[in-house]
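Step one of this worksheet: look at the structure below.
Residue numbers (my numbering): 49 to 690.
Given below as structure tokens:
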């Protein structure tokens, strides 16, 4: 979900058809090259090679090579062309895509809103998919950059000892520059990736000319022959074939930045042909050269004079792919905070004009440590390939299951149609999962463990937050009742405005009760401010505020936000002043700070409460998160049992 071409991505698909459609669509497609297709576009570095991993014991013959090429080709067709471009990308949430957008779309749908345990199942599926995507995000920069730098083993074997240090240096530099943003260089991502795809297509075509028979692999009969010839080994190879489609979720996640048509056009006219040509070229090269060519066919099939330039271009392409993924992780973290699956964390806007350009320090640190540790631990991209793929398959499967609800309840598909589509995609993903099962002990355990850890954090915060809400509402005083009591027994009033921030609309904030109890005075103007995140991407300024005059100087304001929007108090103050609430200009903000005591009364497991308590203690302060000047903040402490 990288916003590198934000000035373009802010345009909708409809605008693209109205304002110089050819130029804008071309620019969006070029931007998509640099953001959407980096991961899947750099899979050529290792996917075909890993299909001939010595662990599978495959011979280098026509049946094996054409069978694997057929599997790669049809994986791209069925997973990318059919599932994601033909079906999944149509399930946008007001133009936005991604696992959170899909989950929010299901929860928001009015005519078939899931309730109770069914709603919980939808949320759990979405959180599982999110956790697996995060686990995948730890692996992608590592395997991508490492596989590119391993080209030095072919270009200059004497430099082999420097592959790991160079990879670590590149990753460290990549994460260290995140705080500065990428708007200055983002415009180069598309052109560089264009050069990349043209180059890999040309490399493949050179060898296809030598062995044009590899083009026969488009016939799925070769895939069937491969399965019949190699039995168990053919199933294990599927664990490597899936590496060719690891970037599929990015097609959906970046929907809001570029639109479905530019992404599809980019895929069909540039990315898909380039990938097929390169994979088939690698197959032709291996058939031509035999067993000696299987070490690193991508780099070995290049002419010697292009060896160094190809390493540099590969490194640039993998850095761009990694940058897109890192930006996507930042965006995912912001959405999780907005939807209350994570506590308040520091989010830095790195561009004054591009709202999508964000930096999340804690996410950056965790990604940096994990990716560098993976490089040190696995040492080679082949070793890391054993860990890669499982998390991606899980994320794909959760998307397939969530799509069933969309197909049935929102698109009006008949039951057999939705079952057939979902069953078809799940069958493919199950086959990939079976192929990856053998890799669990060789490294596949890592993404599963990482995903489980992320899921534990997401669910612990969500359930802890819900438990806190139940506790707060059980003892809450309706705001109308409080205002009526004030009218009956009015306290002293002083000039000025006080804003009391609460998580719960139309109930009296605890901090207001504490303020009145201890200070025995109220301001002339009292604003009760509650934030609500809706299951839509964004809400226009004209509909962000719901203002209710409660009388006696009390005004209740609900701030509506979408799950890709942030709440900035300066902006909210401007909206309130535009609604004739000029007295908010110099208001004091009263905020509650909760101290948690674990009592065992909430019903949550102790481990989950411990995680929630840790997150609550370490979350960012409300005034920092909302951008409230510290000299306008009054904070009250409160202890709550959980």
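All C-beta atoms, glycine included, are put in the ideal place defined by N, C-alpha and C.
Residue j beta carbon less than 8 angstroms from that of residue i
{"i": "residue 222", "j": "residue 370", "result": "yes"}
{"i": "residue 700", "j": "residue 378", "result": "Within the shown structure, residues of the chain are numbered from 49 to 690, placing residue 700 beyond reach of any answer."}
{"i": "residue 598", "j": "residue 527", "result": "yes"}
{"i": "residue 143", "j": "residue 303", "result": "yes"}
{"i": "residue 104", "j": "residue 334", "result": "no"}
{"i": "residue 292", "j": "residue 115", "result": "no"}
{"i": "residue 244", "j": "residue 89", "result": "yes"}
{"i": "residue 458", "j": "residue 157", "result": "yes"}
{"i": "residue 148", "j": "residue 611", "result": "yes"}
{"i": "residue 470", "j": "residue 448", "result": "yes"}
{"i": "residue 431", "j": "residue 492", "result": "no"}
{"i": "residue 636", "j": "residue 682", "result": "yes"}
{"i": "residue 467", "j": "residue 262", "result": "no"}
{"i": "residue 311", "j": "residue 524", "result": "no"}
{"i": "residue 358", "j": "residue 199", "result": "yes"}
{"i": "residue 173", "j": "residue 545", "result": "no"}
{"i": "residue 690", "j": "residue 504", "result": "no"}
{"i": "residue 339", "j": "residue 108", "result": "yes"}
Status (buried if at least 16 other CB within 10 Å, exposed otherwise) for residue i
{"i": "residue 169", "result": "exposed"}
{"i": "residue 665", "result": "exposed"}
{"i": "residue 381", "result": "buried"}
{"i": "residue 226", "result": "buried"}
{"i": "residue 181", "result": "buried"}
{"i": "residue 566", "result": "exposed"}
{"i": "residue 592", "result": "buried"}
{"i": "residue 207", "result": "exposed"}
{"i": "residue 228", "result": "exposed"}
{"i": "residue 656", "result": "buried"}
{"i": "residue 141", "result": "buried"}
{"i": "residue 391", "result": "buried"}
{"i": "residue 588", "result": "exposed"}
{"i": "residue 585", "result": "buried"}
{"i": "residue 190", "result": "buried"}
Beta-bridge partners of residue i, as assigned by DSSP
{"i": "residue 526", "result": "555"}
{"i": "residue 638", "result": "548 and 682"}
{"i": "residue 542", "result": "571"}
{"i": "residue 579", "result": "607"}
{"i": "residue 595", "result": "605"}
{"i": "residue 644", "result": "688"}
Rounded separation between residue i and residue j - CA only
{"i": "residue 420", "j": "residue 560", "result": "48 angstroms"}
{"i": "residue 418", "j": "residue 670", "result": "29 angstroms"}
{"i": "residue 161", "j": "residue 154", "result": "Because the pLDDT at residue 161 is just 46, under 50, the model does not fix this residue reliably, and the point stays unresolved."}
{"i": "residue 576", "j": "residue 177", "result": "36 angstroms"}
{"i": "residue 280", "j": "residue 484", "result": "12 angstroms"}
{"i": "residue 314", "j": "residue 78", "result": "8 angstroms"}
{"i": "residue 184", "j": "residue 443", "result": "9 angstroms"}
{"i": "residue 343", "j": "residue 283", "result": "22 angstroms"}
{"i": "residue 159", "j": "residue 350", "result": "Only weak support is given to the placement of residue 159: the predicted model assigns it a pLDDT of 45, under 50, and the value that follows is read from those uncertain coordinates. Approximately 57 angstroms, taken between the alpha carbons."}
{"i": "residue 696", "j": "residue 615", "result": "Outside the modelled stretch of the chain, which goes from 49 to 690, sits residue 696, for which no answer is possible."}
{"i": "residue 441", "j": "residue 323", "result": "20 angstroms"}
{"i": "residue 461", "j": "residue 455", "result": "5 angstroms"}
{"i": "residue 352", "j": "residue 246", "result": "19 angstroms"}
{"i": "residue 209", "j": "residue 487", "result": "27 angstroms"}
{"i": "residue 192", "j": "residue 331", "result": "21 angstroms"}
{"i": "residue 288", "j": "residue 364", "result": "24 angstroms"}
{"i": "residue 321", "j": "residue 300", "result": "20 angstroms"}
{"i": "residue 474", "j": "residue 556", "result": "48 angstroms"}
{"i": "residue 269", "j": "residue 439", "result": "29 angstroms"}
{"i": "residue 367", "j": "residue 425", "result": "20 angstroms"}
{"i": "residue 238", "j": "residue 203", "result": "26 angstroms"}
{"i": "residue 214", "j": "residue 179", "result": "29 angstroms"}
{"i": "residue 499", "j": "residue 175", "result": "10 angstroms"}
{"i": "residue 632", "j": "residue 373", "result": "40 angstroms"}
{"i": "residue 150", "j": "residue 194", "result": "33 angstroms"}
{"i": "residue 620", "j": "residue 549", "result": "13 angstroms"}
{"i": "residue 604", "j": "residue 196", "result": "57 angstroms"}
Nearest-angstrom Cβ-Cβ length linking residue i and residue j, presumed shorter than 8 angstroms
{"i": "residue 92", "j": "residue 346", "result": "6 angstroms"}
{"i": "residue 121", "j": "residue 341", "result": "Not really, about 20 angstroms apart at Cβ, beyond 8 angstroms."}
{"i": "residue 641", "j": "residue 685", "result": "5 angstroms"}
{"i": "residue 508", "j": "residue 659", "result": "4 angstroms"}
{"i": "residue 436", "j": "residue 187", "result": "5 angstroms"}
{"i": "residue 506", "j": "residue 389", "result": "5 angstroms"}
{"i": "residue 319", "j": "residue 85", "result": "5 angstroms"}
{"i": "residue 433", "j": "residue 325", "result": "That belief does not hold up - the Cβ atoms of residue 433 and residue 325 are roughly 22 angstroms apart, past 8 angstroms."}
{"i": "residue 617", "j": "residue 674", "result": "5 angstroms"}
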